[in-house]
Each structure stands twice: as structure tokens, then as C-alpha cells.
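J.: Per my numbering: the sequence shown ends with 593, consecutive numbering throughout. Think of the CB as a built atom: it goes at the ideal place given N, C-alpha and C, for glycine as much as any other residue.
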Amino acid sequence: MEPIAAVEAPIKGRLGERLLSAGKLNERDLQNALQAQQELGGYLGQVLVQLGVVAETDVAQALAEQLQMRWLRAEEFPDLLPDVPGLLASFLDAQCVCPISLQDGVLEVAMSVPQDPFITKALRLATGLQIKPVLALEADIRKALSEAGQEPEGEEGQDWESDATGGDFVEHLKDLASEAPVIRLVTGIISRAIELHASDIHLEPFEAGLQVRYRMDGVIHAAELVPPRLSAAVGSRVKLLAHLDIAERRLPQDGRIKTRAKGRELDLRVSTAPTVHGESIVMRVLDRASVRLRLESMGFEADTLEKFNTLLAKPHGIVLVTGPTGSGKTTTLYAALSKIDAVSNKIITVEDPVEYQLDGINQIQVHPQIDLTFANALRSILRQDPDIIMIGEMRDGETAQIAVQSALTGHLVLSTLHTNTAAGAVTRMRDMGVESYLITSSVNGVLAQRLVRTLCSRCKQPDTLPTAAIEGSGLKRFLREGSPIYRAVGCEHCRGTGYKGRTGIHELMVIDEPLRRAIIEGQDANALHAMAAKSGMLSLYDDGLRKVASGVTTLDEVLRVTQDQSDA
Numbered sequence: 026m027e028p029i030a031a032v033e034a035p036i037k038g039r040l041g042e043r044l045l046s047a048g049k050l051n052e053r054d055l056q057n058a059l060q061a062q063q064e065l066g067g068y069l070g071q072v073l074v075q076l077g078v079v080a081e082t083d084v085a086q087a088l089a090e091q092l093q094m095r096w097l098r099a100e101e102f103p104d105l106l107p108d109v110p111g112l113l114a115s116f117l118d119a120q121c122v123c124p125i126s127l128q129d130g131v132l133e134v135a136m137s138v139p140q141d142p143f144i145t146k147a148l149r150l151a152t153g154l155q156i157k158p159v160l161a162l163e164a165d166i167r168k169a170l171s172e173a174g175q176e177p178e179g180e181e182g183q184d185w186e187s188d189a190t191g192g193d194f195v196e197h198l199k200d201l202a203s204e205a206p207v208i209r210l211v212t213g214i215i216s217r218a219i220e221l222h223a224s225d226i227h228l229e230p231f232e233a234g235l236q237v238r239y240r241m242d243g244v245i246h247a248a249e250l251v252p253p254r255l256s257a258a259v260g261s262r263v264k265l266l267a268h269l270d271i272a273e274r275r276l277p278q279d280g281r282i283k284t285r286a287k288g289r290e291l292d293l294r295v296s297t298a299p300t301v302h303g304e305s306i307v308m309r310v311l312d313r314a315s316v317r318l319r320l321e322s323m324g325f326e327a328d329t330l331e332k333f334n335t336l337l338a339k340p341h342g343i344v345l346v347t348g349p350t351g352s353g354k355t356t357t358l359y360a361a362l363s364k365i366d367a368v369s370n371k372i373i374t375v376e377d378p379v380e381y382q383l384d385g386i387n388q389i390q391v392h393p394q395i396d397l398t399f400a401n402a403l404r405s406i407l408r409q410d411p412d413i414i415m416i417g418e419m420r421d422g423e424t425a426q427i428a429v430q431s432a433l434t435g436h437l438v439l440s441t442l443h444t445n446t447a448a449g450a451v452t453r454m455r456d457m458g459v460e461s462y463l464i465t466s467s468v469n470g471v472l473a474q475r476l477v478r479t480l481c482s483r484c485k486q487p488d489t490l491p492t493a494a495i496e497g498s499g500l501k502r503f504l505r506e507g508s509p510i511y512r513a514v515g516c517e518h519c520r521g522t523g524y525k526g527r528t529g530i531h532e533l534m535v536i537d538e539p540l541r542r543a544i545i546e547g548q549d550a551n552a553l554h555a556m557a558a559k560s561g562m563l564s565l566y567d568d569g570l571r572k573v574a575s576g577v578t579t580l581d582e583v584l585r586v587t588q589d590q591s592d593a
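1. Look at the Cβ atom of L442, then the Cβ atom of M415, and state whether they are nearer than 8 Å.
2. Tell me the rounded alpha-carbon separation between L255 and P206.
3. Would the beta-carbon of L50 fall within 8 Å of that of L97?
4. What residue range is occupied by the uninterrupted alpha helix (DSSP H) comprising K354?
5. Just confirm the distance between the C-beta atoms of H227 and V307, as a whole number of angstroms; I'd bet it's less than 8 Å.
6. Should Y359 be labelled buried (16 or more other beta-carbon atoms within 10 Å of its own) or exposed?
7. Might you give, ordered along the chain, the residues of its own chain that have their beta carbon closer than 7 Å to the beta carbon of P177, omitting 5 neighbours on each side?
8. Bridge partners for T441 per DSSP, in chain order?
9. For S296, which beta-bridge partners are listed by DSSP?
10. For the beta strand (DSSP E) containing M556, list its first residue and its last residue.
11. From P277 to M241, what does the alpha carbon distance come to, in whole angstroms?
12. Using the C-alpha atoms, what's the distance from Q430 back to R408?
13. Between which two residues does the alpha helix (DSSP H) holding K146 run?
14. Since S466 is in the alpha helix (DSSP H), which residue starts that stretch and which ends it?
15. I need the DSSP call for A135, collapsed to helix, strand or coil.
16. Does DSSP put K168 in a helix, a strand or coil?
17. Can you name, in chain order, every residue of its own chain whose Cβ lies under 7 Å from the Cβ of V259, other than the five neighbours on each side?
18. The alpha helix (DSSP H) that contains N370, what's its start and end?
19. Comparing alpha-carbon positions, which option in L439, Y566, I144 and L69 lies nearest V301?
20. Give the DSSP-derived three-state secondary structure of Y566 in the structure shown.
21. Can you tell me whether I245 is buried or exposed, with buried defined as 16 or more other CB within 10 angstroms of its CB?
22. Please tell me whether F116 and G303 are closer than 8 Å, where the distance is taken between their beta carbons.
23. Is it true that the region 362 to 377 meets the region 502 to 520, where meeting means three or more beta-carbon pairs spaced less than 8 Å apart?
24. Could you tell me which residues DSSP puts in a beta bridge with E273?
25. Just checking, does the region 487 to 502 make contact with the region 329 to 341 on the three C-beta pairs under 8 Å criterion?
26. Looking at C-beta atoms only, is the number of pairs between the region 569 to 582 and the region 542 to 554 that lie closer than 8 Å three or more?
27. Rounded to the nearest angstrom, what separates N469 and I386 at their Cα positions?
28. Hey, A574 and I510: beta-carbon distance below 8 Å or not?
29. Consult DSSP for Q394 and reduce its assignment to one of helix, strand or coil.
30. What are the start and end residues of the beta strand (DSSP E) that includes E517?
31. Using 8 Å as the threshold, is the C-beta distance between A87 and L44 below it?
32. Taking Cβ positions only, does L500 come closer than 8 Å to chain B?
33. Would you mind sorting A31 into buried or exposed? The rule is 16 or more other CB atoms within 10 Å of its CB.
34. The alpha helix (DSSP H) with I386 in it runs from where to where?
35. Here's the rule I'm using: 16 or more other beta-carbon atoms within 10 Å means buried, otherwise exposed. How should H554 be labelled?
36. Would you decide whether T350 is buried or exposed? Buried here means 16 or more other CB atoms lie within 10 Å of its CB.
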């Protein structure tokens with residue numbers, strides 16, 4: 026394999042330091058730019074120009090010196106660009122590159138981001154030539170491409186869209202992802218996720234390579250490091266499987282993979298985002314076989330489950346499930362729906378995305394690109410004569426208002442909200458513009474939940490906590506005389522973590538008459554929470570303590586997931 030100039034070009038001194046020493050930039054502006062780069066991604070030079078703190082020509086000069094690379098000025102572009110089979114105008118424009126000269130098997134290419142090794146490698150695969158990058162301003166490249174595209178067809182200027190001898194440029198990009206070692210590597214990464222019961226696969230590009238990480242039981246763990254020479258190919262392979270545009274690396278994309286691993290059919294929800302070192306890819310593993318769609322197996326205590334089932338049995342009203350991302354809200358809704366008789370009830374869901382397909386239930390995937398939003402979908406399904414409606418998430422006031430009207434007109438509505446506590450759902454609906462009297466008339470109850478890691482049954486050991494810690498934590502209220510609590514140890518079965526699997530802790534606020542009066546009076550979330558607690562509601566923390574006392578999890582784990590318990 027020929028060397029890639031963009032990768033192997035010597036880099037002398039950081040760009041920011043060069044601009045500082047040249048007097049083109051002050052320390053404060055540099056720190057602001059670095060912060061913006063961390064938040065928004067992209068290369069530092071691009072960020073500096075976008076912020077308006079350094080002229081583009083000054084950045085180009087410093088970058089050319091840093092990379093020890095020629096800077097091609099506008100007047101140095103040739104009048105006639107070389108005719109190179111295999112290059113498509115769409116890719117050249119998307120990546121902002123322009124062929125300059127072709128001599129002795131070496132193609133000189135003007136690039137606005139010459140330090141990007143993926144573009145250089147893709148060009149080499151497409152043309153079969155050795156690539157020599159030179160730096161040029163984006164505006165100069167686009168001007169040259171535009172003028173080349175205006176050549177009359179049939180003249181010596183090239184027809185940029187012709188591909189008679191070189192093949193489609195994107196097909197060459199696909200070659201990166203279609204080599205056997207890359208296919209085996211990506212298949213292995215996905216199979217490993219199934220073995221580990223991971224909920225997410227993270228592919229994170231860094232200078233040293235592509236870091237693979239898995240989220241297991243809510244905690245992320247580092248795994249293998251893919252070498253830099255394979256990083257772009259692995260990313261392209263995933264994008265190819267997800268039917269994404271593999272030539273587009275500047276914008277976030279979302280897709281879905283249906284595949285088979287370890288003898289199981291599964292879906293992967295794919296999200297890409299551009300970073301300084303390349304595309305970061307996250308795959309959410311949607312494994313139907315690993316999902317427990319039974320409320321009885323989701324960690325509900327008997328008293329909480331009985332009350333929740335009572336809410337689900339009501340013919341109309343709203344039942345909300347709240348919690349942060351990754352707290353199992355959607356799974357709880359699916360389990361609730363699976364408990365309802367789909368034969369004698371018309372059940373319709375509106376989701377983004379549809380994570381699991383349920384038998385006997387009409388599921389709608391929203392598509393904002395064609396204006397099929399939550400609100401628009403809800404309006405249409407009300408004409409479908411539903412008994413029960415599940416809304417994946419109440420994201421805005423319009424959706425909340427339609428949900429309330431649906432509940433008031435005889436439908437049972439299940440949905441989720443991003444709030445920390447059950448009482449916080451009331452204030453969130455107020456913030457969305459729903460009047461207090463409508464909340465009290467439509468909402469039957471709110472379930473807040475978190476997921477805690479459960480202790481590994483093979484290695485957990487009895488623990489002795491100081492009396493002060495037991496009393497100070499409130500654990501004493503739930504401990505039975507002589508019953509031990511346990512600590513995490515770690516063994517081969519749990520891969521040394523001390524935990525195996527997760528379970529739910531719950532806080533169920535049933536809207537009774539005293540709470541309705543308090544909501545009408547406009548009381549805040551803290552006051553509503555306190556009132557519900559007086560009526561017998563156990564908080565998330567208290568429910569977690571019950572699981573500590575019964576040996577299911579640890580006090581540290583409960584504290585980890587219940588740190589922020591305020592919505593006021």
C-alpha cells in the first residue's frame with residue numbers, strides 16, 4: 026500500500042501556538058476557540074475563521090508551515106484541470122477537493138482540509154494514483170470547480186460526471202468497507218456486544234485509532250483499539266450497512282441496521298457525528314430477545330405494581346413514565362402495552378424510532394422530514410378509532426395538548442417525559458402550556474424510574490456498614506433484624522464488576538384529590554412530592570433502599586442513579 030501523504034506529512038508545532046507566536050491570535054481567543062472546537066467539533070483552523078478571530082489567509086499560512094505543505098493561491102490554479110477518470114463532481118464538491126496536476130502517476134490535489142487521511146485514501150482508491158495533497162482556500166477550490174463545470178460538453182475540459190473508465194467514486198469508497206478483514210472486524214464488534222449484553226456500541230475516533238467502547242448495565246467500558254489504517258474503513262462499513270451516505274462526513278446522520286449475530290435477529294440504531302479526528306458512531310442495540318416485556322420482571326415492588334396496574338386498567342386518562350435517557354422508560358411502556366389485551370382493544374403507538382415491533386399493535390414511525398411529527402400523527406390516529414394511544418415522548422406543547430384532549434375524550438394515553446421525579450412531570454406540562462385544570466382532569470398518575478445494576482449472585486458478599494451510615498442513609502427503616510446487606514466483589518462471571526444485569530427502582534405518584542387541589546393552586550414540584558410522600562408514595566431513593574435491604578443492589582449504586590432528585 027502506498028504511503029498517504031496527508032497522514033505522513035511531518036507536523037511541526039501546533040497550529041494555535043504558531044498563530045500565537047506570529048501575533049495573529051491572543052491567548053484568550055485561542056482558549057475560546059478550543060472550547061468551541063470541543064463543543065462543535067471540526068478543525069481548529071476552521072473554528073478560528075468561523076469565530077472571526079483570525080483571517081483565513083493567516084490560518085492557511087500557518088497550516089501550510091505546520092504540515093510543510095505548499096499553499097496554492099487562487100492565481101496559481103491551472104486554467105485547465107486534469108482529466109482524471111474515477112472522479113465525480115458530487116464528491117469533489119462535498120469534500121472540497123480539486124485535482125490540480127497529473128504527472129508520472131502522481132495526482133496533485135488541492136484540499137481545504139489536507140490533514141484528513143480518509144479523503145486522501147479514498148482518492149487513491151478511486152484513481153489508482155499516488156495522491157499529493159496541497160493546501161488551498163475553500164473559496165478558491167470551489168471557484169476552480171465551478172469554472173471547470175462550465176466548460177462546454179465535448180471540449181477538452183473534462184465532463185466531470187462521466188465515469189466510463191473509473192467507475193462511480195462512491196463505489197471506491199465502498200471498497201474501503203468491503204474487504205474481508207473489515208467485514209470480520211465489524212461483525213466481531215457487533216457479536217461482542219451481544220455476548221456482553223451491551224446496550225450501546227461506541228466507535229470513537231482518536232489520533233491513536235478508533236476506540237471501541239460498550240455500555241453495559243448503564244456503565245461504559247473500553248474495549249479494543251482499531252488501528253488508524255482501518256478506522257475509516259470500519260466507519261464506512263457501518264454506514265454502508267445502515268444505508269447512510271458514506272461520502273458525507275461533515276454532517277450528522279441517522280440510520281438503522283437489521284442484522285443477525287450469534288444466531289439472533291437484531292436491530293441497531295445508528296447515529297454518526299463529525300469530530301476533530303473523524304466520525305464518531307454510536308449503535309444502540311435493539312435486541313428483542315434480551316428485552317423483558319413483563320412488568321413483573323422489571324423490579325416493581327408488589328405494592329407499586331398493584332397501583333400501576335390499576336392505572337393501566339382505567340378506560341381513559343394519561344399515564345406518564347419519567348426519567349432521563351437510558352432509564353428504561355420505553356421498555357416500561359412496551360411492557361405495559363403487552364399487558365393490555367390487544368385483541369379487544371385498538372392500540373396505536375407513535376414513536377421515534379419504533380424500537381421493537383409488537384404483535385397486534387399499530388405502530389407509527391414519525392418522519393419530521395415529511396412533516397409527520399408527533400402532533401400531526403396524533404391528529405390522524407384519533408380518526409382511526411383507537412382505545413389506547415402510546416406516544417413515545419411528549420416533546421412539545423402541541424403534542425401535550427393533543428394528548429390531554431385525547432384523554433378527555435375517552436382514550437387511555439401512555440407517554441414519557443424527561444423529568445427527574447414524578448412530581449416534576451406536572452411542572453413540565455405547565456411549562457409546555459397545559460393549564461393546571463387540564464392536567465388534573467386528564468393525568469391519572471406518573472411513574473418515575475431509574476435502572477440500578479444488580480449484584481452478581483455468584484460473588485456478592487455480606488457487608489458491614491457503620492451504624493451511623495445505616496441510620497444516616499435511611500436504610501435502617503427497611504432492614505429486617507439479622508438480614509445482611511451485600512457489597513460488589515467481582516468475578517469471571519460478571520467480568521470483575523461485581524454486578525450482573527439491571528433492575529428498576531420506581532416512584533409512583535397517583536393523582537388523588539389532595540394533589541389535584543395542590544396542582545390547581547400552582548404548587549411547585551417539591552411541594553407536590555412532599556404531599557404525595559405523606560399519602561404513602563415512596564421516592565426513587567426509598568425504593569432503592571428497599572432493594573439494598575433485600576440484597577439486590579448496593580447503597581453506592583442507588584446513590585449513583587438518584588443524585589439529582591429535584592425538578593423545582
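T.: According to the structure shown:
1. no
2. 9 Å
3. It is not a contact, given that the beta carbons lie outside the stated cut-off.
4. K354 to K364
5. 5 Å
6. buried
7. In this prediction, P177 scores a pLDDT of 36, lower than 50, which makes its location untrustworthy; the coordinate-derived value is nonetheless stated afterwards. Result list for P177: empty, nothing under 7 Å.
8. V346
9. D279 and V307
10. Per DSSP, M556 belongs to no beta strand (DSSP E); it is in the alpha helix (DSSP H), A550 to K559.
11. 25 Å
12. 13 Å
13. P142 to T152
14. S461 to S467
15. strand
16. helix
17. Excluding residues within five positions, the ones whose Cβ falls inside 7 Å are V207, L210, V211, L228, L235 and V251.
18. Taken as a continuous stretch (DSSP letters only), N370 belongs to no alpha helix (DSSP H), as it is neither H nor E.
19. L69
20. helix
21. exposed
22. Contact check for F116 against G303 fails: the beta carbons are separated by 8 Å or more.
23. As far as the Cβ criterion goes, the region 362 to 377 does not touch the region 502 to 520, which means the pair count is below three.
24. Note: E273 sits in no beta bridge, so no partner.
25. Cβ pair count under 8 Å is below three, so no.
26. no
27. 23 Å
28. Cβ atoms of A574 and I510: closer than 8 Å.
29. Helix, per DSSP.
30. Neither: E517 is in no beta strand (DSSP E) and is coded neither H nor E.
31. yes
32. Protein chains in the displayed structure number just one, and chain B is not present.
33. No answer about A31 holds up, because its pLDDT of 39 lies below 50 and its placement is not dependable.
34. Segment: none, I386 is in no alpha helix (DSSP H) and carries neither H nor E.
35. H554 comes out buried.
36. exposed
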